[in-house]
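Since the structure comes first, as structure tokens, the remarks are kept for the end.
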Amino acid sequence: TTTEGEPAFAPYVGGAVFNTAIALGRLGAPAGFFSGLSTDLFGSQFKDALRASQVSSRYAHTSSRPTTLAFVRLDNGQATYTFYDENTAGRMLTIDDLPKLGSEIEAMLFGAISLISEPAGSAYEEFMRREHSHRVMMLDPNIRPNFIPDKAKHLRRIRSMMAMADIVKLSDEDLNWFGEAGSHEDVVRNWLERGPTLIVVTHGSEGAVGYTRDHKVTV
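Residue numbers (this note's numbering): 549 to 767.
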């Protein structure tokens, strides 16, 4: 709230893949972040946060387009989101903006709502297609049904990227969204035959289960 007690919004940087890069940097692991970043006030805030956590932004594509904004309202602990994403630096990322990566890049993480919007979604899918034979690929679909205007299209993209991924992490709710027949384990076992080496399914407070073709580990 303001000093007068009126409701106010405070700017915080965030995003699923961004948060992962920040966490890795703070743990001392060499990490970088790729997306479309803006030269505006909020874009500078993103770059400052990356720098403070020792995360490289050398491969990020910078433009004068505005930063995507997500407004979050909390009512009794429940969050409501409103996104402003038209013609933003992140959303308007194209295949032509994809960088040529150096040999120091060993693994890449893709996921969340960045895979929904166009043209960015197609750019990220092509990025994985271009790089998956050279580096370890991880996919975290982080499904948000309310943000997906075309389920069939997004389903095709996620399945395509899953086939190129080495590691897939998803929640039990994500699994339900796919609507495939059989138990969660049956679905995961089927997916393991299509490409991934490891699939981890999280179950909220009940922990997580990791699956490979030959093993199952519960945490």
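Think of the CB as a built atom: it goes at the ideal place given N, C-alpha and C, for glycine as much as any other residue.
Please read all numbers here as calculations on a predicted model, not as lab measurements.
Kindly identify the DSSP beta-bridge partner or partners of residue i.
{"i": "Y672", "result": "Per DSSP, none; premise fails for Y672."}
{"i": "T627", "result": "Before going on, a small fix: residue 627 reads as Ala here, not Thr. For A627, which the question treats as bridged, DSSP gives the partners L622."}
{"i": "L746", "result": "I715"}
{"i": "L617", "result": "Y632"}
In three-state DSSP terms, what is residue i?
{"i": "F581", "result": "coil"}
{"i": "V767", "result": "coil"}
{"i": "P693", "result": "helix"}
{"i": "A700", "result": "helix"}
Would you kindly report the start and end of the unbroken beta strand (DSSP E) that includes residue i?
{"i": "G758", "result": "756–759"}
{"i": "S611", "result": "609–611"}
Could you pull the start and end residues of the alpha helix (DSSP H) that residue i belongs to?
{"i": "N724", "result": "720–726"}
{"i": "N738", "result": "732–740"}
Is the closest heavy atom of the ligand ADP to the C-beta of residue i under 7 Å?
{"i": "K764", "result": "Absent from the structure shown: the ligand ADP. Ligands present: none."}
Given 8 Å as the limit, is there contact between the region 620–633 and the region 589–596, that is, 3 or more CB pairs closer than that? no
Can you check the region 636–688 for any beta strand (DSSP E) of at least 3 residues that lies completely inside it and give the ranges in chain order? 655–659, 684–688
So, does the region 549–558 touch the region 671–679, judging by three or more C-beta pairs under 8 Å? no
How about the region 731–745 and the region 703–723: do they share at least three Cβ pairs that are nearer than 8 Å? yes
Enumerate, from N- to C-terminal direction, the unbroken beta strand (DSSP E) stretches of 3 or more residues contained entirely within the region 551–608. 584–586
Using 8 Å as the Cβ pair cut-off and three pairs as the minimum, do the region 607–617 and the region 634–654 touch? Judged by pairs of C-beta atoms under 8 Å, the region 607–617 touches the region 634–654, as three or more such pairs exist.
Flag this pair as touching only if the region 651–661 and the region 682–698 have three or more C-beta atom pairs under 8 Å; answer yes or no. yes
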